[in-house]
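Quick note, the sequences are listed as chains F and X, same order. For the first sequence, the residue numbers in my numbering are 260 to 487. For the second sequence, the residue numbers in my numbering are 260 to 487. Note that beta-carbon positions come from the ideal geometry of N, C-alpha and C, so glycine has one too. Nothing here was measured: the structure is a model prediction, and the numbers come from that model.
There are 2 protein chains.
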Amino acid sequence: MTVWDRPEPPTRPAPLDRERIVAAAIALADEGGLEAVSLRKVAARLDVGPMRLYGYISTKEELFDLMVDEVHAEILPEEQPRDWREVLRIRAHRTRQATLRHEWLADLLGGRPTLGPNALAVTEATLAALDGLADLDTVMRAVETVGAYFTGAIRREIANLRAERATGLSKLDWQRASGPHVTRMLATGRFPALAKAVHDGTDVDAEVSFATGLDWVLDAVAVKLGCE
Amino acid sequence: MTVWDRPEPPTRPAPLDRERIVAAAIALADEGGLEAVSLRKVAARLDVGPMRLYGYISTKEELFDLMVDEVHAEILPEEQPRDWREVLRIRAHRTRQATLRHEWLADLLGGRPTLGPNALAVTEATLAALDGLADLDTVMRAVETVGAYFTGAIRREIANLRAERATGLSKLDWQRASGPHVTRMLATGRFPALAKAVHDGTDVDAEVSFATGLDWVLDAVAVKLGCE
DNA sequence: TAATCGATAAATACAGTATATCGCCATGAG
DNA sequence: CTCATGGCGATATACTGTATTTATCGATTA
C-alpha cells in the first residue's frame with residue numbers, strides 16, 4: 260500500500276460562505292437559466308445538504324438579489340470617463356453585455372430595487388458623473404430615464420433572442436417563427452401597418468438598434484440637462 | 260315544499276373555455292400576485308380538476324401569455340387620437356394604468372414577445388399612427404424606444420412600490436426602508452453622491468416622474484422623426 | 001481524563017408545484 | 001342493444017422551498 264492508495268483525508272468540504280453559494284447559483288443559471296436554479300441543486304453542486312444554505316441566505320429571493328449584485332461588479336467599469344454622457348452610455352452597454360453573458364439577468368432586471376454594494380457603487384458612480392450638471396431632481400430624472408430605457412430594451416432583446424432560439428432560426432420575420440398563428444393573424448388583413456412592417460422591415464443588428472435608441476434618449480437628456 | 264326548497268338542478272359547471280380559465284387566473288393574480296397563480300388553484304376556482312386545464316392550454320407559460328394579452332384589451336383605447344405623439348403617450352399611460360390595476364403585469368412586461376391578438380392590435384394601432392412619418396426603420400426604432408422606456412419605467416415603479424409596501428411605509432428614503440443595510444452603506448462615506456441624493460432628493464409623484472421621462476423620450480423621437 | 005453542553009450539520013418531513021398517464025363512464029353511432 | 005370514442009377524473013411522478021427534528025462533533029468544564 261503506497262501513499263497513492265491511501266485514501267485522502269476526509270477533505271471536509273471547503274467552508275461555505277455566501278460567495279461560494281452565489282457563484283454556484285450563477286454557474287447553474289448560466290448553464291440552464293434561472294429556472295435551473297434550485298436550492299437543492301445549488302447545495303448539491305457544493306456537496307452540501309440543502310438546509311446548509313439557510314445559514315447564509317434566508318430565502319431564495321435573497322439569493323437572486325445576491326446574484327444580481329454580483330453581476331453588477333462586472334458592470335461597474337474599472338475607470339470612468341469624464342463625460343457624463345459617456346458614463347451613461349457605457350453603463351448601458353456594460354449592462355447589456357453582462358446580460359448577454361448572463362441571460363437570466365434579463366428576468367431579474369428591474370424586478371426589484373437593487374441595493375447591494377456593487378449595485379450601489381454603480382449608482383454612485385453614475386450620480387457622481389452627473390453631479391452639479393443640473394438640479395438634483397433633473398439629474399435623478401435623467402438617470403432614471405436612461406435606466407428605464409436600457410432595462411426595457413435589454414429585456415426585449417433577450418426575449419426576442421429566446422423566441423428566435425425556441426422557434427428555430429428566424430429573425431425579425433415572426434411569421435414562420437411563431438408558427439401559423441401570427442401568419443394567420445396577418446393574413447386577416449386586420450393589421451395592415453404591422454404586415455407592412457414585417458414585410459418591408461430590415462432586421463437591424465440588435466446592438467445597433469440598442470445603441471441608436473440609447474443615443475436618442477441621451478440626446479433628450481442632454482437637452483434637459485442643459486448640456487447640448 | 261315550494262320551488263325555493265327544491266334543489267337546483269345539478270348545474271353541471273359551465274363549459275370550460277380559455278376565456279373562463281384566463282379570467283380565473285387573472286382574478287387570482289389580482290388578489291395574490293403572480294405567485295398565487297397555480298394551475299391547481301385556477302382549476303379549483305372553476306370547480307374542476309387540475310388536469311382539465313390542459314385541454315385548453317398546454318403549459319403554464321401559455322396561460323401567462325394569455326393573461327398578458329387579455330390585459331392588452333384594456334390597453335388599446337377605444338378611439339385613437341390623430342397626433343402620433345399623443346398615440347404613443349396614451350399607449351404608455353394606459354399600459355401604466357393597466358399595470359397599476361394588475362400589478363403582476365409588471366413581472367411579465369417585456370419578458371416574452373407579445374403575439375396575442377390584442378397585443379397585436381395595440382402594435383398595429385401604434386404603427387398605423389406613425390406610418391409615413393419617416394422611413395420604416397426609423398419608425399420602428401421610435402416605437403421600440405418608447406416601448407423600452409415605459410416598460411422599464413413601469414417595472415421600476417412597481418418594484419419600488421412593492422419595496423415600500425414590504426418595508427412598511429416610507430418613500431424615497433431607502434434608508435430606514437431597507438433596514439440598516441443601506442444606512443450602514445451610506446454611512447461608510449463611500450457613496451457621497453448617492454447619500455446626497457437620498458438626503459436632498461424630493462420624492463416626486465410617480466406619475467409625474469413617469470410622464471416627464473416619457474416626454475423627454477418623445478421629444479427625442481420627434482426630432483428623429485423630423486416632426487419637431 | 002471524562003463528561004456535559006452548545007452549536008452546527010444532516011436527515012427527515014411537509015405542503016405544494018407542473019405535468020404524464022391511466023382508467024372510467026357517458027354519450028354518440030351503428 | 002352494443003360498441004367505440006373521446007372527454008374527464010383520479011392517480012402518479014418528480015420536483016420545489018422551507019420547517020423541524022435528529023445526530024454529530026468540538027469545546028469547556030469538573
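Collapsed DSSP secondary structure at residue 342(F) in the structure displayed:
Coil.
Using a Cβ-Cβ distance under 8 Å, would residue 442(F) count as near chain X?
With respect to chain X, the C-beta atom of residue 442(F) has no partner C-beta closer than 8 Å.
Within chain X, partners of residue 463(F) - CB distance below 9 Å:
Taking a Cβ-Cβ threshold of 9 Å, the residues of chain X close to residue 463(F) are 396, 399 and 400, in chain order.
Span of the alpha helix (DSSP H) around residue 399(X):
Boundaries of the alpha helix (DSSP H) around residue 399(X): 395–425.
Please report how far the alpha carbon of residue 378(F) lies from the alpha carbon of residue 332(F), in whole angstroms.
Approximately 8 Å between the Cα atoms of the pair.
Whose C-beta lies closer than 6 Å to the C-beta of residue 357(X) among residues of the same chain, with five residues either side of it excluded?
Closer than 6 Å at the Cβ level, and outside the excluded window around residue 357(X), lie 330, 333 and 334.
Expected contact under 8 Å - CB spacing of residue 324(X) and residue 375(X) to nearest Å:
Rounded to the nearest angstrom, the Cβ distance from residue 324(X) to residue 375(X) is 7 Å, consistent with a contact under 8 Å.
Using only the alpha-carbon positions, how far apart do residue 373(F) and residue 362(F) sit?
Going by the C-alpha atoms only, they are around 17 Å apart.
Can you tell me where the alpha helix (DSSP H) with residue 245(X) in it begins and where it stops?
Beyond the ends of chain X as shown, which are 260 and 487, falls residue 245(X); an answer cannot be given.
With a Cβ-Cβ cutoff of 8 Å, do residue 275(X) and residue 313(X) count as a contact?
In this structure, residue 313(X) does not lie closer than 8 Å to residue 275(X) by Cβ.
Closer than 7 Å at the beta carbon, the chain F residues around residue 471(X):
Identification of chain F residues near residue 471(X) by a Cβ-Cβ cut-off of 7 Å yields 400, ordered along the chain.
How do the stretch 383–394 of chain X and the stretch 448–460 of chain F stand: do at least 3 beta-carbon pairs fall below 8 Å, yes or no?
Contact between the stretch 383–394 of chain X and the stretch 448–460 of chain F is present: 3 or more CB-CB pairs across the two stretches fall below 8 Å.
Beta-carbon gap between residue 409(X) and residue 354(X) smaller than 8 Å
Yes. Within cutoff.
Within 10 angstroms of its Cβ, does residue 416(X) collect 16 or more other Cβ (buried), or is it exposed?
By the neighbour-count criterion, in which a residue is buried when 16 or more other Cβ atoms sit within 10 angstroms of its Cβ, residue 416(X) is buried.
I need the straight-line Cα distance from residue 436(F) to residue 371(X), nearest angstrom please.
Reliability of the predicted coordinates at residue 436(F) is poor, the pLDDT of 49 falling under 50, and the value obtained from them is presented with this limitation in mind. Between residue 436(F) and residue 371(X), the C-alpha separation is close to 14 Å.
Cβ closer than 8 Å: which chain F residues qualify as neighbours of residue 422(X)?
Those within 8 Å of residue 422(X) in chain F are 371 and 372.
Proximal residues to residue 277(F) (C-beta, below 8 Å), its chain only, five neighbours per side dropped:
Correct list, in chain order: 315, 316 and 325.
Below 8 Å between beta carbons: does that hold for residue 347(F) and residue 484(F)?
With contacts defined by Cβ atoms closer than 8 Å, residue 347(F) and residue 484(F) do not form a contacting pair.
Residues in the stretch 314–331 of chain X with C-beta within 9 Å of chain F's C-beta atoms, listed in sequence order?
The residues in question: there are none.
Hey, quick one: how far does the alpha helix (DSSP H) through residue 456(F) stretch, first residue to last?
For residue 456(F), the enclosing alpha helix (DSSP H) starts and ends at 451–459.
With 8 Å as the threshold, decide whether the Cβ of residue 483(F) is near any Cβ in chain X.
Cβ-Cβ to chain X under 8 Å: yes for residue 483(F).
To which residues of the same chain is residue 398(F) closer than 8 Å at the C-beta, ignoring the five residues directly before and after it?
Within the same chain, residue 398(F) has close Cβ partners 386, 389, 390, 392 and 484.
Euclidean distance between Cα positions of residue 280(X) and residue 310(X):
Cα to Cα, the separation comes out at about 12 Å.
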